[in-house]
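Have a look at the structure below, then the notes.
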Amino acid sequence: MGGSKVQFNKAHKTRFASKSSRNIHKLSTKDKKISKPDRNVLKGAKAVRLQRNRMMREQKKAAVLKEKRAISGSLSPPRIIVLFGLSGSVNLNTLEDDILSLLHGDENCPSYSSPFPTIASAKYKLRATVMKAPHGDLLACMEMAKLADLIAFVASPNGFSEDNDADRCIDSFGLQCLSVFRTLGLPSTVVLIRDLPDDLKRKNELKKMCMSMLSSEFPEDIKYYPADKIDELHKFLSLFKDQRITLPHWRQERCYLVAEKIDDIPDIRDSETHTVVLSGYIREHHLSVNQLVHISGAGDFQLSKIEILSDPCLLNAEKRVDVMDTENSTQVVRVLTPDPLKQEDLIFENVPDLLAGEQTWPTEAEMADAERDREKKKKLKKVLQGVSEYQAAWIVDDSDVENSDSDEGESDGMVLDDEEINFPGQKSDGNSEFDHDGASLNLRDSDEETETCSMTTEDDNLTKEQMKEQIQKIKDQHSDDKEFPDEVDTPLDVAARKRFAKYRGVKSFRTSTWDPKESLPPDYARIFSFDNFTRTQKHVLARVRDSEKDIDECVPAGSYAKLYVKGLKVDVASKLRASAERAPVIASGLLQHESKISVLHFSVRKHETYDEPIKSKEEFIFHVGFRQFISRPVFSSDSVNSNKHKMERFLHEGCFSVASIYAPICFPSLPLVALKCRPDSSDAPPVIAAVGSLRSVDPDRIVLKKIILTGYPQRVSKSKARVRYMFHNREDVKWFKPVELWTKHGRRGRIKEPVGTH
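Numbering (the numbering used here), first residue to last: 2 to 759.
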């Protein structure tokens with residue numbers, strides 16, 4: 002046997018070691034030297050950490066206490082309570098009288114009238130403005146929801162019946178307004194339940210029934226309050242005065258004023274314009290006198306001056322009596338006038354510099370090089386009249402097209418991507434019979450299938466029968482576009498090479514090159530663009546925060562002031578005073594650049610209550626935040642992996658699209674509500690057509706129109722097919738010969754030759 006089988010144990014096993022050998026690696030307590038300064042360093046680091054945490058807690062407590070005092074203190078503006086009835090059976094008049102009587106302090110008073118719409122309650126230590134939303138008036142409800150600090154939805158179980166369980170405490174108008182309020186952003190909300198019986202058991206049953214029906218429409222943490230008796234309303238107001246108000250994010254970035262009083266002063270210099278005086282409280286942020294303001298329904302204007310007045314509605318009863326005893330209850334504390342050097346100009350459009358493209362005279366060497374390049378280009382490719390250098394890169398030379406006959410090589414061909422000549426899709430430009438400048442500016446001459454002039458411009462000359470025919474025609478086009486997207490019939494009376502002269506064949510919609518600056522009309526230089534829009538937005542918001550430190554030019558938030566807005570037309574001022582009787586007038590401060598025109602892109606979807614087809618380039622009333630304007634959007638898809646987006650002729654239900662319009666610049670994020678006037682009834686109020694939000698501001702976003710020309714195979718062999726009804730003459734077949742054909746099942750091919758005379 003080789004080797005010994007004796008077991009050898011490892012030396013480091015502790016069971017075979019003595020106690021002295023196990024502790025030999027340890028240091029004795031005498032050898033350990035822990036200096037006192039080291040212990041102090043460790044103890045000092047812990048103390049610093051504890052001190053820092055304690056300071057952070059104290060700062061947070063101070064911030065919360067400051068916010069609470071600002072909300073309920075005298076420096077904060079009065080809270081706006083909007084009462085909205087979820088159904089037409091709710092009586093808001095009695096509820097408004099009860100709340101006003103409680104705030105006024107006289108519970109026996111059925112109604113309360115005051116020279117100021119704002120009421121200061123010393124009992125609740127609360128200043129509030131109560132507004133009653135008119136049921137059935139969508140525009141007034143929208144304006145009230147934009148400025149509400151609290152929306153009190155009022156429900157009533159009067160519509161319930163034991164025989165019909167389908168009855169609800171919310172009607173169709175209430176559901177429509179709820180969807181709009183959610184789009185605008187809901188502030189703090191509560192639900193007040195009225196008309197409950199005195200029987201406690203029946204009262205609890207009806208309350209639970211209302212809560213179960215409304216639970217799907219409101220957030221989970223919403224509070225439900227019975228609101229029939231004074232004690233129940235007292236409980237609601239006691240909790241509301243200490244409640245922390247939550248507002249939509251877009252309202253927290255802008256200052257605004259809710260006009261409590263509107264005056265009109267004629268302009269001495271210009272008889273056609275007036276100066277409108279708006280009195281109210283400044284909210285959210287400071288307002289600079291050099292800032293532009295937007296009045297809802299009127300437009301953007303400059304300020305001539307701002308008067309800061311003494312607060313006419315104080316919480317302190319003694320101070321309130323002293324103010325009322327004076328001859329003029331609203332004394333002017335300070336007057337702010339704009340600085341001509343700092344005041345923002347009311348600029349809407351850019352003035353392009355016609356000499357911006359000029360340069361110095363070239364040298365002889367540069368001229369010689371340019372001449373050689375020009376001769377080389379002439380030898381390489383023969384281009385058509387009016388085709389630019391960029392467009393010439395798309396034209397295929399005769400030698401690039403396979404199986405092309407010599408007699409057909411000299412004929413005009415459609416513009417095609419010279420790198421990718423194997424796929425149909427977009428096509429544009431390229432016929433020498435047309436003036437390219439005129440064709441590029443007058444887009445409607447060559448885009449008849451998407452011509453969507455608003456009926457409002459033509460309704461004066463149309464009868465009711467003609468209007469019904471046009472509406473039915475649009476409905477048919479909507480259904481065809483949904484079933485056969487992008488498919489277009491070749492016209493019989495116009496040659497296809499002329500009708501589709503502005504289109505271009507590309508192989509890949511995603512990877513093909515398209516210059517966003519190509520063939521732009523000269524008027525496109527009148528809009529504004531940004532090198533980096535996100536960076537500009539950060540700088541503008543930072544500038545707003547810095548400007549609030551300048552007390553000499555700004556009105557602090559919570560102050561009562563008069564805004565003197567100049568430059569309003571006489572008819573606009575009269576309409577503004579008339580609209581103030583049914584809906585509040587809002588004056589919002591504009592950020593830098595927000596009066597300039599650019600291209601805005603919105604993410605929109607069709608509203609579920611709108612049944613009519615929505616076509617591109619139709620006229621809509623856009624409500625974007627506090628602003629309102631009329632525009633004609635162009636709908637397009639949102640391509641994630643491409644910088645080109647396909648135009649959509651209709652906005653289909655159930656899907657989101659991007660709506661692009663020319664409008665004043667707005668900084669995201671802002672909600673959008675698009676209203677549409679019904680063409681069949683001119684007196685009817687506008688209805689909600691689409692909702693969404695502001696996506697971006699980008700004039701260089703490429704939106705391309707895609708068409709597909711279809712034909713029907715008559716004879717099919719192994720490698721050839723005869724197709725009819727795609728073109729109607731031989732010249733059109735030759736023109737579209739470079740474009741590849743494809744079937745819905747993936748087969749691909751090329752046009753070889755025209756057959757016959759049709």
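We put the CB at the ideal spot given by N, CA and C, even for glycine.
In this text the structure is predicted, and so the values were computed from the model without any measurement.
Closest residue to residue i among the options (Cα-Cα distance)
i: G757; options: I263, E732 and R749; result: E732
i: K476; options: A690, T190 and D612; result: D612
i: Q244; options: R80, P714, I263 and P522; result: R80
i: P249; options: L315, L187, K208 and K735; result: L187
i: S661; options: I598, H608 and A685; result: I598
i: T491; options: Q471, S289, R725 and K343; result: R725
i: P830; options: V566, R169 and I266; result: Residue 830 falls outside the range modelled here, since the chain spans only 2 to 759, and no answer is possible.
i: V259; options: A722, S589 and K209; result: S589
i: I266; options: R578, Q332 and W736; result: R578
i: S520; options: P686, D701 and K563; result: D701
i: R498; options: W736, L193 and V181; result: W736
i: S617; options: R633, H608 and I194; result: R633
i: K209; options: C170, D150 and D699; result: C170
i: D232; options: H275, D99, F657 and Q593; result: D99
i: Q332; options: S697, I296 and S560; result: S560
i: R527; options: D354, E254 and R375; result: D354
i: C211; options: L201, L193 and P220; result: L193
i: K224; options: A691, A153, I263 and V334; result: A153
i: D172; options: R544, I246, G86 and F349; result: G86
Start and end residues, alpha helix (DSSP H) containing residue i
i: M210; result: L201 to L215
i: Q244; result: Run containing Q244: none; DSSP gives neither H nor E here.
i: E144; result: L139 to L148
i: V545; result: F534 to S548
i: K499; result: A497 to R500
i: E732; result: R731 to W736
i: I309; result: Looking at the DSSP string, I309 is not in any alpha helix (DSSP H); the run it does join, the beta strand (DSSP E), is G300 to L310.
i: S102; result: L93 to H105
Residue span of the beta strand (DSSP E) that contains residue i, given as start and end
i: G175; result: From DSSP, G175 is part of no beta strand (DSSP E) but of the alpha helix (DSSP H) over S173 to L185.
i: Q715; result: Y713 to V717
i: H295; result: V294 to I296
i: S661; result: F657 to P665
i: I337; result: In the sequence as displayed, the identity of residue 337 is Leu instead of Ile. Counting along the chain, the beta strand (DSSP E) containing L337 begins and ends at V333 to L337.
i: R128; result: L127 to K133
i: H646; result: K645 to E649
i: A156; result: L151 to A156
i: E741; result: E741 to W743
i: H1; result: Given that the chain is displayed from residue 2 to residue 759, the structure contains no residue 1 and the question cannot be resolved.
i: P672; result: P672 to K677
i: G693; result: V688 to V698
Own chain partners of residue i with C-beta closer than 6 Å, once the 5 adjacent residues on each side are dropped
i: W743; result: R749
i: I752; result: K738
i: P198; result: K204
i: P755; result: R731 and V734
i: S180; result: none
i: D446; result: Per-residue confidence for D446 stands at a pLDDT of 37, beneath the threshold of 50, marking its modelled position as unreliable; the derived number appears in the next sentence. Hits under 6 Å: none found.
Residues near residue i in its chain [Cβ-Cβ closer than 7 Å; skip 5 each side]
i: E97; result: L84, V131 and K133
i: Q177; result: T610 and I689
i: L695; result: L601, F603, V625, C667, P669, S670, L671 and L673
i: L493; result: H729
i: V573; result: A299
i: L76; result: G559
i: S289; result: S548, E554 and C555
Own chain partners of residue i with C-beta closer than 8 Å, once the 5 adjacent residues on each side are dropped
i: I709; result: P425, D487, E488 and V489
i: L347; result: L293, D301, F302, Q303, G568 and S596
i: H287; result: C256, S548, E549, C555, V556, P557 and A558
i: L185; result: M143, A146, K147, P249, P672 and V674
i: R270; result: none
i: T274; result: D268, K567, G568, L569, K570 and V571
* **Continuous alpha helix (DSSP H) assignments of at least 4 residues falling wholly in the segment 218–280** => 231–242 and 250–253
Secondary structure, beta strand (DSSP E): runs of 3+ residues fully inside the segment 554–598: 561–570 and 587–590
| query | Touch check for the segment 640–659 and the segment 705–723: three-plus C-beta pairs under 8 Å? | reply | yes
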